[in-house]
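Residue numbers (the numbering used here): 762 to 828.
Glycine is no exception: its CB is placed at the ideal position from the N, C-alpha and C atoms.
All figures in this text were calculated on a predicted structure; none of them were measured in a lab.
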């Protein structure tokens, strides 16, 4: 929660300026893409950390993957 509140003084004017310049649809798109990118970064970082610590499941090449 603190991260969201802490980012508002910087993020709100930036999104406002982008929305003013490019329009409301672009502002909404940016507000959707930024959290998506953040989630991908956190997922990749978590996966790398798990692999480094030896906790990540590894694919067994001898066993076929079932979807």
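- [ ] Find out if the Cβ-Cβ distance for the pair residue 797, residue 788 is shorter than 7 Å.
- [x] no
- [ ] Kindly indicate which three-state DSSP category residue 813 falls into: helix, strand or coil?
- [x] helix
Open item on the list: Please return the same chain residues whose Cβ sits closer than 7 Å to the Cβ of residue 776, not counting the five positions on each side in sequence.
Closed with: 788, 791 and 792
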